[in-house]
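Student: Line order of the protein sequences matches chains C, A, R and F.
The opening residue of the first sequence carries number 220 in my numbering; numbering runs sequentially from there.
The opening residue of the second sequence carries number 220 in my numbering; numbering runs sequentially from there.
The opening residue of the third sequence carries number 53 in my numbering; numbering runs sequentially from there.
The opening residue of the fourth sequence carries number 53 in my numbering; numbering runs sequentially from there.
In this text, a Cβ means the ideal position worked out from N, Cα and C, and glycines have one as well.
The structure presented is a predicted model; accordingly, all values stated were derived computationally and were not measured.
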Amino acid sequence: MLDVEKIRADFPILSVEAYPGVPLVYLDSAASSQKPEVVLAAMDAYYRQINANVHRGIHRLSEDATNAYEAARLKIARFINAPDESQIIYVRNATEGFNLVAYSWGRQNIQAGDEILLTEMEHHANLVPWQMLAEEKGAVVRYIPFLADGTLDLSRLDGLLTERTKLFSFTAVSNVFGTINPVRQLVDAGHAVGAVVMVDAAQAVPHTAVDVQAWDCDFMTFSGHKMCGPTGIGILYGKRRLLESMPPFMGGGDMIRRVTLEGSTWNDLPWKFEAGTPSIAEGIGLGTAVDYLAGIGMDNIHAHEQFITHYALEALSEIKGITLYGPPASQRAGVATFTIQGIHPHDISEVVDKDGIAIRAGHHCAMPLHLRLNVSATARASFYLHTTTQEIDKLVASLNRTRKLFRL
Amino acid sequence: MLDVEKIRADFPILSVEAYPGVPLVYLDSAASSQKPEVVLAAMDAYYRQINANVHRGIHRLSEDATNAYEAARLKIARFINAPDESQIIYVRNATEGFNLVAYSWGRQNIQAGDEILLTEMEHHANLVPWQMLAEEKGAVVRYIPFLADGTLDLSRLDGLLTERTKLFSFTAVSNVFGTINPVRQLVDAGHAVGAVVMVDAAQAVPHTAVDVQAWDCDFMTFSGHKMCGPTGIGILYGKRRLLESMPPFMGGGDMIRRVTLEGSTWNDLPWKFEAGTPSIAEGIGLGTAVDYLAGIGMDNIHAHEQFITHYALEALSEIKGITLYGPPASQRAGVATFTIQGIHPHDISEVVDKDGIAIRAGHHCAMPLHLRLNVSATARASFYLHTTTQEIDKLVASLNRTRKLFRL
Amino acid sequence: MDIYREQIIDLHEHPLNFGELETADFCHEDDNPLCGDIIRIAINLDDSGRVYQVGWTGSGCAISQAAASLLTETIKGMSLTDIQTFPPERLLDLIGVPLSQARRKCALLPLKVLQAGVSGAVSTDE
Amino acid sequence: MDIYREQIIDLHEHPLNFGELETADFCHEDDNPLCGDIIRIAINLDDSGRVYQVGWTGSGCAISQAAASLLTETIKGMSLTDIQTFPPERLLDLIGVPLSQARRKCALLPLKVLQAGVSGAVSTDE
Ligand SMILES: Cc1ncc(COP(=O)(O)O)c(C=O)c1O
Ligand SMILES: Cc1ncc(COP(=O)(O)O)c(C=O)c1O
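(1) Please classify C/F625: does DSSP put it in a helix, a strand, or coil?
(2) Could you list which residues in chain R have their beta carbon closer than 9 Å to that of C/R622, in chain order?
(3) Shortest alpha-carbon distance to A/V395 belongs to which of A/R591, A/Y266, A/S617?
(4) For C/A534, which residues of its own chain have a beta-carbon under 6 Å away from its beta-carbon, when the five flanking residues on both sides are left out?
(5) Pull up the DSSP beta-bridge partners for C/W349, would you.
(6) What residues are listed by DSSP as bridge partners for A/W485?
(7) Just to confirm the assignment, what range does the alpha helix (DSSP H) spanning R/V149 have?
(8) Would you be able to state if there are at least three C-beta pairs under 8 Å between the segment 59-72 of chain F and the segment 157-164 of chain R?
(9) Which residues does DSSP pair with C/W324 in a beta bridge?
(10) Identify each residue in the segment 138-162 of chain R for which the Cβ-Cβ distance to at least one residue of chain C is less than 8 Å, and report them in chain order.
(11) From the DSSP output, in three-state form, read off A/D283 for me.
(12) Along chain R, in chain order, which residues have C-beta atoms closer than 8 Å to that of C/G581?
(13) Hey, could you find the ends of the alpha helix (DSSP H) A/V431 is sitting in?
(14) Could you tell me if the beta carbon of A/T496 falls within a distance shorter than 7 Å of some heavy atom in ligand 2?
(15) Looking at the strands, I want to know which residues DSSP matches up with A/L395.
(16) Output the distance between the C-alpha atoms of R/M53 and C/I567, rounded to the nearest integer angstrom.
(17) Would you check whether ligand 3 has a heavy atom nearer than 7 Å to the C-beta of C/Q350?
(18) Please list the partners that A/E282 has in chain R, where partner means a Cβ-to-Cβ separation under 8 Å.
(19) Per DSSP, what kind of secondary structure is R/C158 in: helix, strand or coil?
(20) Pick helix, strand or coil for F/E178, following the three-state DSSP scheme.
(21) Of the residues that make up the segment 65-81 of chain R, which ones have a beta carbon closer than 8 Å to any beta carbon in chain C?
(22) State the start and end residues of the unbroken beta strand (DSSP E) segment that holds F/S111.
(23) Of the residues that make up the segment 93-124 of chain R, which ones have a beta carbon closer than 9 Å to any beta carbon in chain C?
(24) Return the residue from the list R/E58, R/Y56, R/L73, R/D77 that minimises the CA-CA distance to R/S171.
(25) Out of C/Y456, C/V258, C/S281, state which residue places its alpha-carbon closest to the alpha-carbon of C/T496.
(26) How about A/P489 and A/Q253: do their beta carbons lie closer than 8 Å?
(27) According to the Cβ coordinates, are C/I308 and C/K385 closer than 8 Å?
(28) Return no unless some Cβ of chain F is closer than 8 Å to the Cβ of C/R477.
(29) What separation, rounded to the nearest whole angstrom, lies between the Cα atoms of C/V318 and C/C436?
(30) Below 8 Å, how does it come out for the segment 527-547 of chain C and the segment 110-119 of chain R: are there three or more Cβ pairs, yes or no?
(31) Taking the alpha carbon of C/V429 as the point to measure from, which residue in C/D518, C/I335, C/R460 has its own alpha carbon closest?
(32) Expressed to the nearest angstrom, what Euclidean distance is found between the alpha-carbon atoms of A/H589 and A/S617?
(33) Quick one: is C/R297 buried, meaning 16 or more other Cβ sit within 10 Å of its Cβ, or exposed?
(34) Please tell me whether A/I307 has its Cβ less than 8 Å away from any Cβ of chain R.
(35) To the nearest angstrom, report how far apart A/V412 and C/I578 are at their CA atoms.
(36) For R/I55, return the contacting residues in chain C, with the cut-off set at a CB-CB distance below 8 Å.
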């Protein structure tokens, strides 16, 4: 198990007070994680010692910057067991990962009448780009529904995956239910009908060991800011054959081989997809985050989150009037989403915030999921490697106080 | 005038040694600028004290993060005199600014046979996106040539701007020649034929006071990393009427108003164009950079660079076998691009680097410009508010030593 | 715990002017999709064109609900012009707790609905 | 100043095997668009299929030029198989100065051109 106190000391913000005298209890890691000292130090060192534009310079700073930036890419490739670092494309966030595939692969491969299969538990990032693509091309978007326990209704898979399905994209882990989906099984089902399969790993890579080759997915994307890395950086992974066949997404410097007034030719992977000055400090920061997580061990992190999630679901279920959404702890990641009868989630979040507790309230960028649940908003507490049972106890106590405040 | 020694103390990297015993002489600001302490401190403080996802949270960190991120937008709006901060769209870099307009405005407005007018001195960022758009739509790209002194051949303007010209995009300042183009005159000429006019301000905003309302341009873009800000952030400015009429670029969280399984509606400006978790620390860093630059005064910075550029062109012109490209110092920004007979620019850059001097060699992402000059590469020294005459002297001495090394 | 004033909790338990009107001179509904709050306000005017009856329905957080109660109570007797020029700050003052930017949207939803309703009624009249 | 070995400067002044061949068994040209270096290599083989004459032309930085001189000198007497298996490290050793990733591409351009030329020649034969 983790030495959680030692880990907490790695995160400067965890010793900050939310309000004077009120320590911060950060239970919003699923929205964005906090950053350990090493990651901040790596970015700071970059700016103080080797900051320069990459790839194009012969001077020392530019070489050092290029080496650090590309070394980070290699670390990230290893972290998700990508066959080669040229398949690791730096993007801003998971959202850009989806948009890159929708614009580049999608506009080349999706035609009128083709089907795109998603699920009803997707984040907007894995809904809107495909809806936009489908609208442009006259394609059809279909959705796998979920069951009352927040798991996918796999009995519908056979009917929904057909030879018309050109793309199948789904989340590895739901950001609302925490549901851990059977990725390999879904990838295989997609491949069986000839679909290209993309996995939303935004809530998976930060929390469990991910192996893209074991998943066998064609594309996969995630965000750095949810995994101890900085904002402004994310990763798109793709199979080489697909990435090579795709036209570029954005045009500009670095992504070209040659530009003339008549036209241009493209650079090799991964740079073909990285136009303009990249997010250099951010790439380096993410590389350091990956080192940090790997040093602790993704299996250890997962085990700790399992433990916390069990504890939290148990404790929360004692609260009167609470509804908990999603599967049992053993089938989910470190997320506990709930409503309390008679108190709007916004009010819950606002009241517990005054106890220093950061949870999220709203639709969590999953409006269709909430429409299906027939609630306009839920409250969500989410956990990470630094979460303690004491923090869960504080949340429960604060929620009980909130009920009292609302005279329930 | 500037107190350059005081300014130099603001930049931690300027006291770093390039090699043991060899101080760094950074003459590559046009590629990417160095960052003052205040900018690094602002980002560090963000991560240590208020890091959280923005816009969607009710807890204290999220509110503080949102306020800081949006306050930065307002500062940037004021810095370029935008009418309203909702017209300031955060992008990754200037390159993404062009691509956003090409994809969103361009695909909606450019048709077969339409013309896009650029210039032969453009950076790839202002070439490739339009070539890709033109190829998709069957439109035609035309180019204003430049004269021997590196200024635009304005006598060609009348013939090239016609009622077929739907878009006119040009750089305010050439990153190779340093040429300061007559922006307002060009904008007016474009508007006179009904074209939408976009300005590449990547080399302008860092170095001179820019007023988008005085320019009257329809779109304008620049990068944070060239103006004392972090990597991973840039700005697209647009006129409200245009931005409102445009479809979104990327789809995902934050840019939507409502998402259903059937389709989505879009958020207000500027968020309609900002999909997913944004570059929060980077936006805050850029806001601080703008404060820093405004505190020193853009007119003071420009005057200092004028002084340095005069000095540099004078000193460099003494070197035997040198060819200097571009207009006289009074008509250009702080850039000196040159070749030396008998030594390849890569060799020049590599040799002076060992004297601690960072200059750039290559095509500077302006291949068509170099094709027209009929050279495959040039060397470029570029200046900023911290550049001193002593640094120019060192460059000149090192270039003379380079000639000796090459037995010239 | 004084995050929410007693009054806001009171209004949450016992909203003012809550309910449909049998008939209404005009009514309007809108929502705040980002948080899911939804408000519908119905108005009856007297012969001098002033509000004499108002009812609201909807669901949402305590802030938007309290705002609906307070606003509907305050506008009784007002003319449509009074409503159209009703300053948002006045509603925020009525609520009387400090609100973040995000929650401000909740607080102002009822006013947005009301003013949109009035605009609709006025322009239909013309 | 010992950034570049004397030999590299020598080769820059007096390149080896520089020039066109009157006739050639095969020749190939390629460039490194990112830096603009361009190299063309022409080869004549003897009856046993070994290189007995080689000429190169092109322009570029001192590193790519020195590499072209050193490589063309080294391959004399080699078979096409020898050339196809010529290890890049060997060329870097011949150059003998530490090179960054960016400059490595300059150094290896002549080898890339040569091996592409050989591949073309071999596949045309078959
Ligand atoms: C004139 C000009 N335009 C556009 C760019 C592109 O900037 P970025 O690479 O930050 O997108 C640059 C810088 O490289 C530039 O100098
Ligand atoms: C499952 C899932 N997918 C995608 C995203 C989008 O991530 P980002 O906003 O960093 O692009 C998120 C996070 O918000 C998420 O939880």
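Tutor: In short:
(1) Sequence index remark: in the first sequence, residue 625 of chain C carries index 406 (1-based). In this structure, DSSP gives C/F625 a state outside helix and strand, which the three-state scheme calls coil.
(2) Stepping through the first sequence from its first residue, residue 622 of chain C is reached at position 403. Those do not exist, as C/R622 stays about 11 Å from chain R at its closest Cβ, beyond 9 Å.
(3) The residue labelled residue 395 of chain A in the question sits at position 176 within the second sequence. For the residues A/R591, A/Y266, A/S617, the minimum Cα distance to A/V395 belongs to A/R591.
(4) Position 315 of the first sequence, counted from the start, is the residue given in the question as residue 534 of chain C. Cβ neighbours of C/A534 beyond the five flanking positions: I611, V615.
(5) Translated into the one-based positions of the first sequence, residue 349 of chain C becomes position 130. For C/W349, which the question treats as bridged, DSSP gives no partner whatsoever.
(6) Indexing the second sequence from 1 puts residue 485 of chain A at position 266. Per DSSP, A/I475.
(7) Reading the third sequence from its first residue, position 97 is the one you call residue 149 of chain R. Premise fails: R/V149 is in no alpha helix (DSSP H) and is neither H nor E.
(8) As far as the Cβ criterion goes, the segment 157-164 of chain R does not touch the segment 59-72 of chain F, which means the pair count is below three.
(9) As a first step, residue 324 of chain C must be located in the first sequence, where it is residue number 105. Per DSSP, none; premise fails for C/W324.
(10) Answer set for the segment 138-162 of chain R: R155, C158.
(11) The residue given as residue 283 of chain A occupies position 64 in the second sequence. Looking at A/D283 - three-state DSSP - the assignment turns out to be helix.
(12) Counting from one through the first sequence, the residue named residue 581 of chain C turns up at place 362. Within 8 Å Cβ-Cβ: L86, C87, G88.
(13) Residue mapping note: residue 431 of chain A aligns to position 212 of the second sequence, counting from 1. Residues 431-434.
(14) As a working mapping, residue 496 of chain A is identified with position 277 in the second sequence. A/T496 Cβ: within cutoff of ligand 2.
(15) Within the second sequence, residue 395 of chain A is the residue found at index 176, counting from 1. A quick correction: the sequence has Val, not Leu, at residue 395 of chain A. Its beta-bridge partners do not exist; DSSP assigns none.
(16) Reading the third sequence from its first residue, position 1 is the one you call residue 53 of chain R. Reading the first sequence from its first residue, position 348 is the one you call residue 567 of chain C. Only weak support exists for where R/M53 lies, its pLDDT of 43 falling under 50; the value from the coordinates is given anyway. A straight-line Cα-Cα distance of about 13 Å links R/M53 and C/I567.
(17) Looking at this structure, you won't find ligand 3 anywhere; what it does contain is ligand 1 and ligand 2.
(18) The residue given as residue 282 of chain A occupies position 63 in the second sequence. Chain R residues near A/E282: S152, Q153, A154.
(19) Counted from its first residue, the third sequence places residue 158 of chain R at position 106. Three-state DSSP puts R/C158 in a helix.
(20) Indexing the fourth sequence from 1 puts residue 178 of chain F at position 126. Residue placement at F/E178 cannot be trusted, given a pLDDT of 49 that sits under 50; what the coordinates show is reported in the next sentence. F/E178 sits in coil when the DSSP states are folded into three classes, being neither helix nor strand.
(21) From the segment 65-81 of chain R, only E65 have a Cβ closer than 8 Å to chain C.
(22) Translated into the one-based positions of the fourth sequence, residue 111 of chain F becomes position 59. Counting along the chain, the beta strand (DSSP E) containing F/S111 begins and ends at 103-111.
(23) Answer set for the segment 93-124 of chain R: S111, G112, C113, A114, I115, S116, Q117.
(24) Here residue 171 of chain R refers to the residue found at position 119 when the third sequence is read from its first residue. For the residues R/E58, R/Y56, R/L73, R/D77, the minimum Cα distance to R/S171 belongs to R/D77.
(25) Reading the first sequence from its first residue, position 277 is the one you call residue 496 of chain C. Looking at the Cα atoms, C/S281 is the closest of the given residues.
(26) As a working mapping, residue 489 of chain A is identified with position 270 in the second sequence. As a working mapping, residue 253 of chain A is identified with position 34 in the second sequence. No. Outside cutoff.
(27) Taking the first residue of the first sequence as position 1, residue 308 of chain C is located at position 89. Taking the first residue of the first sequence as position 1, residue 385 of chain C is located at position 166. No.
(28) Position 258 of the first sequence, counted from the start, is the residue given in the question as residue 477 of chain C. Interface flag for C/R477 against chain F is set, since a Cβ pair is found closer than 8 Å.
(29) Locating residue 318 of chain C in the first sequence gives position 99, where the first residue counts as 1. Locating residue 436 of chain C in the first sequence gives position 217, where the first residue counts as 1. In the sequence on display, residue 318 of chain C carries Asn and not Val. Looking at the backbone, the Cα of C/N318 and that of C/C436 are separated by about 17 Å.
(30) Too few Cβ pairs lie closer than 8 Å, so no.
(31) Your numbering for residue 429 of chain C matches position 210 in the first sequence. If we check each option's Cα against that of C/V429, C/D518 comes out closest.
(32) Here residue 589 of chain A refers to the residue found at position 370 of the second sequence. Here residue 617 of chain A refers to the residue found at position 398 of the second sequence. Going from the Cα of A/H589 to the Cα of A/S617 covers about 25 Å.
(33) Translated into the one-based positions of the first sequence, residue 297 of chain C becomes position 78. With fewer than 16 other Cβ atoms within 10 Å, it is exposed.
(34) Here residue 307 of chain A refers to the residue found at position 88 when the second sequence is read from its first residue. It does not; no Cβ of chain R falls within 8 Å.
(35) As a first step, residue 412 of chain A must be located in the second sequence, where it is residue number 193. As a first step, residue 578 of chain C must be located in the first sequence, where it is residue number 359. For the pair A/V412 and C/I578, the Cα-to-Cα distance works out to about 54 Å.
(36) Mapped onto the third sequence, residue 55 of chain R falls at position 3. The answer, in chain order, is E569, V570, K573, L624.
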